[in-house]
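Residue numbers (the UniProt record's numbering), protein chains in the order written: chain B, 1 to 333; chain A, 1 to 333. Just so you know, even glycine gets a beta-carbon here, dropped at the ideal spot from N, CA and C.
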DNA sequence: ACATTGAATTTTAACGGTAAAATTCTAGCA
DNA sequence: TGCTAGAATTTTACCGTTAAAATTCAATGT
């Protein structure tokens, strides 16, 4: 690959001049600029962004850390961030944390050591204190789906408690009063908040929360089937099942039908997230919309505004979930 | 962030010695090593991988270019590559091409300019010639789901033609003879091959391919619904519908039910890819398994073997799809 | 014609590391 | 004791770029 040096020789100008035409900004005469540009195309020159980054201390790329690369939730999130940033000519470096403390830290350090101009984190295993410490470093940190005290300006988050509340409330309004709940892993803040909302809705409607109608799932399809199986093995009676995300709801639906349930007549099921696939279950899944793609866009905008000086961007730090009514919850007869 | 220089001063050794303890390999006396290590922890030193990369001309990271960050297909692929590489201590830099020639090229250049040790590409819009040219460069290129003549050693691919054949054959074996086909975008090699397999199966069974039972979809849910609607608007009669991927099959299932079909009685539907969600449609989707996660692992292994000198890895370049029989295709009565 | 000035350009020193070449140490041996 | 081989360590140049400081250039006003 041709270097800036070869370009400068071919164009018979100095390195600095070539550098200046690459970086558009400063003054170069039109004549010189053309000479350089011609030399660049002749050599097929592309700046080495590693060297640029080392010399200039910025990289035009922002790091993203997500828990997993697959799955509809993270897919939408990454896509949102990437498309917004890409439109602004910035690149994205993605790595994963697998919801494990060591791997999350390792991923963060990788992104920092790669000179990212900013980092957008979706971390679940790392402590608030660690994050606060991290923010003191020179790489700007932003947080998705996590609200850390004192770092509000750096967070884009969903009101998960409200979402949990809405789900349960809507089910109660349909006349259900024996309601089972399959939660997400409780070390994740999202899961805890959704559960808290559920409990608040129950309390406000004078329904006691029962441990025997609670199951902690894994946010995957298996969590839904395992949870439902657990309740059935224990001979629990309930007319509605709330799942803390749509994957678990799908698993529950599939399992329920395998067990001979007729849905939604025998059991109402509601999910959370409104993943694309939620409208393809049968019955179509009633769920809580989690505007994660939008939130991804917003996180990217936050970076654009704060790091890349793009003015006139208005930022929403906090998003609200909404109820999406489809066919999987029916009025209790 | 502390630099190697500060470490060397604190440990009162030279830069080179610090560098050698960082890179483990060469000889350093235990006493010196300890001094350096202590200094490093005291300063909280982390090597700047940008500088390492510039100086050493490798980066311990491999670039990945996918068409989209969301969607079950790419999610599985990225996850496969990442987990294999991560286990070997390598990092992954992901970017997207959006199936557009310009963006694919831009993404590739970004990855190259970032000094990736190797690049794994899933490109769809770029020409074979461009890829061949690319391979002459100094960054090693590997290809997923694409077979370029003469580059077999660098490709990990699925026999899509066989998959298309298997899908159609299985449907024919169930007694169907009027079969509609919703293809993927025909500029994508995968789509073309799957269609070719479909046509071969038809031909072998003396069923004529009919343009009126063909629709080119977009590989998304809407492709399935649009396609089915198209056939119905044209009053086509058919007992089976083959979709070139599972997303389109899901869309078709949902749309069919909205139109009052009873599935699978009124219409048999088969998909392609065997995405996780395929078992959560109703009826459960019969489909062709595309071992994309495995292929991701294999692509990573190929890199590990060729670029990072890991011996004793055996490579499979070509994968075969298999029929997954579930409930969405029934015997024609 | 000649300072003056501001723009265009070049020189030079970083950025934070690696790696080859050069040097210093340390033992072992004649 | 003096020499030497091999290990440990340091010196030095370089990776490809940016950016501040220095220099050259061209136009302007007097």
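Per-residue DSSP class, three states only, for residue i
i: residue 308 of chain B; result: coil
i: residue 289 of chain B; result: strand
i: residue 91 of chain A; result: strand
i: residue 17 of chain A; result: helix
i: residue 216 of chain B; result: strand
i: residue 120 of chain A; result: strand
i: residue 319 of chain B; result: strand
i: residue 268 of chain B; result: strand
i: residue 181 of chain B; result: strand
i: residue 41 of chain A; result: helix
i: residue 282 of chain A; result: coil
i: residue 125 of chain B; result: coil
i: residue 4 of chain A; result: helix
i: residue 155 of chain B; result: strand
i: residue 148 of chain B; result: coil
i: residue 69 of chain A; result: coil
i: residue 79 of chain A; result: helix
i: residue 135 of chain B; result: helix
i: residue 302 of chain B; result: helix
i: residue 190 of chain A; result: helix
i: residue 224 of chain B; result: helix
i: residue 276 of chain A; result: helix
i: residue 11 of chain A; result: coil
Residue i at chain A interface by Cβ criterion, 8 Å
i: residue 91 of chain B; result: yes
i: residue 297 of chain B; result: no
i: residue 51 of chain B; result: yes
i: residue 281 of chain B; result: yes
i: residue 20 of chain B; result: no
i: residue 47 of chain B; result: yes
i: residue 79 of chain B; result: yes
Beta-carbon gap between residue i and residue j smaller than 8 Å
i: residue 271 of chain A; j: residue 249 of chain A; result: yes
i: residue 165 of chain A; j: residue 242 of chain A; result: no
i: residue 244 of chain B; j: residue 184 of chain B; result: yes
i: residue 220 of chain B; j: residue 247 of chain B; result: yes
i: residue 143 of chain B; j: residue 121 of chain B; result: yes
i: residue 321 of chain A; j: residue 269 of chain A; result: no
i: residue 53 of chain B; j: residue 115 of chain B; result: yes
i: residue 63 of chain A; j: residue 93 of chain A; result: yes
i: residue 317 of chain B; j: residue 253 of chain A; result: no
i: residue 216 of chain A; j: residue 186 of chain A; result: yes
i: residue 97 of chain A; j: residue 123 of chain A; result: yes
i: residue 193 of chain B; j: residue 160 of chain B; result: yes
i: residue 275 of chain B; j: residue 74 of chain B; result: no
i: residue 319 of chain B; j: residue 302 of chain B; result: no
i: residue 290 of chain B; j: residue 273 of chain B; result: yes
i: residue 118 of chain B; j: residue 104 of chain B; result: no
Integer-rounded CB distance, given that residue j should sit under 8 Å from residue i
i: residue 331 of chain A; j: residue 80 of chain A; result: Between residue 80 of chain A and residue 331 of chain A the Cβ distance is about 35 Å, and since that is not below 8 Å, they are no contact.
i: residue 113 of chain B; j: residue 49 of chain A; result: 4 Å
i: residue 90 of chain A; j: residue 61 of chain A; result: 6 Å
i: residue 78 of chain A; j: residue 296 of chain A; result: 7 Å
i: residue 135 of chain B; j: residue 147 of chain B; result: Going by Cβ atoms, the distance from residue 135 of chain B to residue 147 of chain B rounds to 14 Å, so no, they are not a contact pair.
i: residue 201 of chain A; j: residue 168 of chain A; result: 4 Å
i: residue 170 of chain A; j: residue 292 of chain A; result: Rounded, the Cβ-Cβ distance is 20 Å, inconsistent with contact.
Below-8 Å beta-carbon distance, residue i vs any chain B residue
i: residue 2 of chain A; result: no
i: residue 113 of chain A; result: yes
i: residue 185 of chain A; result: no
i: residue 58 of chain A; result: no
i: residue 118 of chain A; result: no
i: residue 326 of chain A; result: no
i: residue 70 of chain A; result: yes
i: residue 75 of chain A; result: yes
i: residue 94 of chain A; result: yes
i: residue 82 of chain A; result: yes
i: residue 85 of chain A; result: no
i: residue 10 of chain A; result: no
i: residue 294 of chain A; result: no
Which residues, taken in chain order from the region 96-109 of chain B, show a beta carbon closer than 7 Å to some beta carbon of chain A? Answer set for the region 96-109 of chain B: 96, 109.
Quick one, which residues of the region 138-151 of chain A are near chain B if we go by CB-CB under 8 Å, in chain order? Listed in sequence order: 138.
Pull out every residue of the region 249-277 of chain A whose Cβ sits closer than 8 Å to any Cβ of chain B, in chain order. Within the region 249-277 of chain A, 250, 251, 253, 254, 257, 276, 277 place their CB atoms closer than 8 Å to a CB of chain B, listed in sequence order.
Residues, ordered as in the chain, of the region 218-231 of chain B that lie near chain A by beta-carbon distance below 8 Å: Here the close residues are 221.
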